[in-house]
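Those protein sequences? They're chains A and B, same order as listed. So for the first sequence, the working numbering puts the first residue at 4; every next one is plus one. So for the second sequence, the working numbering puts the first residue at 41; every next one is plus one. Structure first, commentary second.
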Amino acid sequence: MKEVLAEKPAETLLRFHNVAAGYGKTAILENLSFSIENDDYLAIVGSNGAGKTTLIRTLLGLLPTVAGQVEFPRGALHFGYVPQLQSLDEIFPLTALEIVKMGLFGRLGALKRPTRAETDKARASLEEVGIGELENHLFRELSGGQKQRALIARALVAEPDVLVLDEHTNNLDISGEKAIMALVDEVHHKHNVAVVMVTHSLGAVANHAKHIGLIQQGRFDFAPVETVMQSDYLSEFYGVPMRVLEVEGVRAIV
Amino acid sequence: MNFRRWFSLFSLFLLLCAPIFAQNIEDLPLDDPVVPTLPSPVPPERAEHPHHDAEPLASDVVSDPNAFLWQALYAGVVVAALCSYLGLFVVARRMVFIGVALAEISSAGIALGLLLGFAPLWGALAFMLLGVTLFSRRWAPRRVPPDASIGVFYTLATALGILLIAKSAQGESHMLTLLRGDVLAVYPSETLQMALVFAAIGLIHWLFGKEFLLVSLDRDMASTLGYNAARWDFLLFLTIGVAVSLSIRSVGVLLTATMLIVPASTAFLLAPRWNRAAIFAPLLGVGAVAIGLWLSLLGDFPASAVIVAVSFAFLAPFLVWHSFARRA
Ligand SMILES: Nc1ncnc2c1ncn2[C@@H]1O[C@H](COP(=O)(O)OP(=O)(O)OP(=O)(O)O)[C@@H](O)[C@H]1O
Ligand SMILES: [Mg+2]
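Next comes the structure, spelled out in structure tokens:
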């Protein structure tokens with residue numbers, strides 16, 4: 004699988020060219036310019052209220068751009084969206100398997116119901132994220148980490164071109180966070196899917212992402228992770244002294 | 041993306057409704073409700089009723105003192121079967137207040153129809169559409185929470201209904217009965233119309249149940265999967281609105297609101313799975329109507345109120361159980 008990935012020429016899936024993102028006529032972020040390749044792993048990092056969700060929603064086409072346009076050089080994309088956990092209303096008494104099956108609706112179209120084969124596909128997806136045995140449990144009765152896994156399974160089952168995750172490690176303890184990050188890494192390679200991830204913690208993605216987009220007070224800087232993870236770069240961007248240490252190939256910020 | 045399909049569906053729906061609306065013009069329910077016409081084509085629910093064989097509704101039915109009760113049962117069953125199911129969406133989407141407000145707004149439309157002398161159903165549907173439009177917009181949500189703006193329209197509609205009745209030529213008390221609806225004063229032709237329209241709505245839900253569930257649960261997900269969430273939402277609201285308008289005209293605000301809220305809540309407590317709740321809710325609604333009518337006959341109580349009480353009696357044990365016993 005990985006060999007195939009390496010041979011495949013880089014292709015641009017999606018391009019922001021001087022896009023302003025925001026609500027109505029009010030731009031929250033301006034002059035956004037970056038692109039996402041087919042084997043990319045982009046982490047968007049910013050503090051609370053910086054505009055991460057706004058950027059993600061613009062990328063997904065859920066929010067019209069204030070100015071400029073998002074281009075899709077290869078044509079329309081299939082997105083697998085893993086929303087912020089609290090955006091899903093848990094009043095609905097649906098099982099993990101039922102939630103995952105919903106990921107198939109887009110390819111199925113209206114009027115058709117999931118067949119047995121599709122149910123099996125949903126089941127396999129739950130297996131893959133490691134919670135196959137929980138398929139008949141109510142979604143609301145899963146733990147935070149299990150819910151995240153179910154939502155990742157739901158996104159994956161549609162065989163997306165881009166997997167988009169919004170603050171998916173919030174409310175997880177450190178081991179839960181590590182396990183989910185490892186799962187995303189695994190999925191990224193195995194499914195050959197580009198990843199766009201939103202987080203407020205640079206440390207969490209420093210050792211996973213290929214590109215990093217930093218957001219701070221309306222400013223957006225997009226660069227390869229090697230560039231971003233330099234003491235000088237970060238100190239300049241945040242205006243406070245920061246140091247990046249590399250221990251046994253693992254980066255940490257102090 | 042789904043617009044063409046959606047549009048053809050809506051046209052089909054209107055087409056199904058058209059004969060009903062046309063018929064309605066001559067069918068102003070202003071005459072005395074106790075005169076049943078010939079048993080117009082058999083409502084589907086009739087077949088389900090086990091006792092019906094023993095109760096032929098022939099032309100001599102005028103002299104049958106229980107005829108109105110059978111009519112009440114048919115109407116109640118039709119309303120309960122659909123509204124209890126739609127109630128799953130109303131309850132799970134936290135739209136109970138919208139449902140009740142829509143009911144009140146529709147009834148103001150009925151009052152307008154009665155005042156101006158056109159078919160009340162038109163008034164109810166027009167006001168319902170207005171209501172759906174008003175509620176699909178979010179009014180300054182950052183300064184006034186959504187339930188407050190719904191409440192504003194709710195009180196306004198109630199006041200409007202009262203004003204329209206006060207100015208109406210008919211006797212005020214007679215109008216009030218009509219407005220609040222009375223399950224014991226329904227017209228067979230009304231019930232048949234309702235059964236046909238509700239069958240169409242049921243068909244729409246059978247065909248598009250998964251889309252309605254998807255946009256209800258996760259709008260963003262639906263959009264990223266290529267669905268036009270706003271249109272699906274509108275279609276869902278429309279089916280709920282039409283069901284509410286027709287139910288109001290037939291059985292009144294109280295019973296309609298009850299059927300939208302109580303059986304669905306009971307079903308969620310009884311069977312915490314969507315698919316099972318979708319079976320239990322209509323059963324609970326129909327059961328409450330049947331038992332409630334029977335009890336009201338036995339004790340000579342107002343039918344709607346007894347039905348509400350029975351619905352609550354179904355709900356109460358589960359509510360108590362889940363609130364107290366399971367806390368440990
Ligand atoms: N619907 C909206 N209309 C207008 N402004 C909004 C809306 N939603 C968010 N904003 C504003 O946009 C800004 C960015 O919000 P956004 O949700 O994108 O932040 P975020 O980086 O995702 O924050 P968090 O880490 O808390 O999730 C905030 O100042 C917020 O007030
Ligand atoms: Mg956010």
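By construction, the Cβ of each residue, glycine as well, lies at the ideal position given by its N, Cα and C atoms. Remember, predicted model here, so these are calculated numbers, not experimental data.
Say yes only if the C-beta of G71 of chain A is nearer than 7 Å to one or more non-hydrogen atoms of ligand 1, and no if none qualify.
no
Compare the beta carbon distance of F274 of chain B and S176 of chain B with 8 Å and say whether it is the shorter of the two.
yes
Between the C-alpha atoms of L254 of chain B and A132 of chain B, what's the straight-line distance to the nearest angstrom?
12 Å
Using a Cβ cut-off of 8 Å (strictly closer), state whether S263 of chain B contacts chain A.
yes
Exposed or buried, which one is W21 of chain B when buried takes at least 16 other CB atoms within 10 Å?
No answer is possible for residue 21 of chain B: the residues shown for chain B start at 41 and end at 368.
Here's the rule I'm using: 16 or more other beta-carbon atoms within 10 Å means buried, otherwise exposed. How should Y227 of chain B be labelled?
buried
Can you look up H203 of chain A in the DSSP assignment and give me helix, strand or coil?
coil
Check whether the Cβ atoms of L166 of chain A and V201 of chain A lie closer than 8 Å to each other.
Taking the C-beta atoms as reference points, V201 of chain A is found no nearer than 8 Å to L166 of chain A.
Consult DSSP for L45 of chain A and reduce its assignment to one of helix, strand or coil.
strand
Check the Cβ-Cβ distances between A368 of chain B and every residue of chain A, and say whether any is below 8 Å.
Residue placement at A368 of chain B is flagged as unreliable, the pLDDT there being 47, under the threshold of 50; the coordinate-derived value follows with that caveat. A368 of chain B does not count as touching chain A.
Using CA coordinates, which residue listed in A:V190, A:S204, A:H140 is at the minimum distance from A53 of chain A?
A:S204
Over what stretch of residues does the beta strand (DSSP E) that includes A226 of chain A continue unbroken?
222-227
Leaving out five residues on either side along the sequence, give the residues of the same chain with a beta carbon under 7 Å from the beta carbon of A158 of chain A.
G83, Y84, V85, G106, L166
When the cut-off is 8 Å and only beta carbons count, does E144 of chain B lie next to chain A?
no
Taking only beta-carbon positions, decide if P228 of chain B is within less than 8 Å of chain A.
no
Under 8 Å between C-beta atoms, does G109 of chain A make it to chain B?
yes
Should A53 of chain A be listed as close to ligand 4, given that the test is whether its C-beta is under 7 Å from any heavy atom?
Ligand 4 is not part of the structure shown, which contains ligand 1 and ligand 2 as its ligands.
Could you tell me if the beta carbon of T56 of chain A falls within a distance shorter than 7 Å of some heavy atom in ligand 2?
yes
Counting only runs that start and end within the stretch 138-201 of chain A, where is the beta strand (DSSP E) found for 3 or more residues in a row?
165-169
For Y241 of chain A, does the count of other Cβ atoms within 10 angstroms reach 16, so buried, or fall short, so exposed?
exposed
For R259 of chain B, which residues of its own chain have a beta-carbon under 6 Å away from its beta-carbon, when the five flanking residues on both sides are left out?
A269
Below 8 Å on C-beta distance, what does T118 of chain A contact in chain B?
Proximity of chain B to T118 of chain A at the Cβ level (cut-off 8 Å) is not reached, the minimal Cβ distance being about 13 Å.
Within 10 Å of its beta-carbon, does D92 of chain A have 16 or more other beta-carbons around it, so buried, or fewer, so exposed?
exposed
Contact defined as beta carbons within less than 8 Å: I believe F354 of chain B pairs with L324 of chain B. What is the distance between those atoms, to the nearest angstrom?
About 6 Å separates the two Cβ atoms, so the contact holds.
Suppose the cutoff is 7 Å on Cβ atoms and the five residues either side in sequence are ignored; what does the same chain contact list for S124 of chain B look like?
Setting aside the 5 residues that flank it on each side, S124 of chain B is surrounded in the same chain by M299, P303, A304, A321, P322, L324, G325, each with a C-beta closer than 7 Å to its C-beta; the list follows chain order.
Regarding K169 of chain A and ligand 2, is the C-beta to nearest heavy atom distance less than 7 Å?
Checking the displayed sequence, the identity of residue 169 of chain A turns out to be Asp instead of Lys. Checking the Cβ of D169 of chain A against ligand 2 gives yes.
What residue range does the beta strand (DSSP E) around Q72 of chain A cover?
First-last of the beta strand (DSSP E) with Q72 of chain A: 70-74.
Would you tell me roughly how many angstroms separate the C-alpha atoms of W361 of chain B and F193 of chain B, rounded to the nearest one?
36 Å
Going along the stretch 83-99 of chain A in order, which residues come within less than 9 Å of chain B, judged by CB to CB distance?
G83, Y84, P86, S90, L91, D92, I94, F95, P96, L97, T98
So for F352 of chain B, helix, strand or coil by DSSP?
helix
Note down, in chain order, every chain B residue with its Cβ under 9 Å from the Cβ of M105 of chain A.
What M105 of chain A touches in chain B: K250, L253, L254, L257, D258, M261, A262, L265.
For a test of your reading of the model: does the CB of Q87 of chain A fall under 7 Å from any non-hydrogen atom of ligand 2? Yes or no.
yes
Could you check whether the Cβ of L126 of chain B sits closer than 8 Å to any Cβ belonging to chain A?
No, its Cβ sits nowhere closer than 8 Å to a Cβ of chain A.
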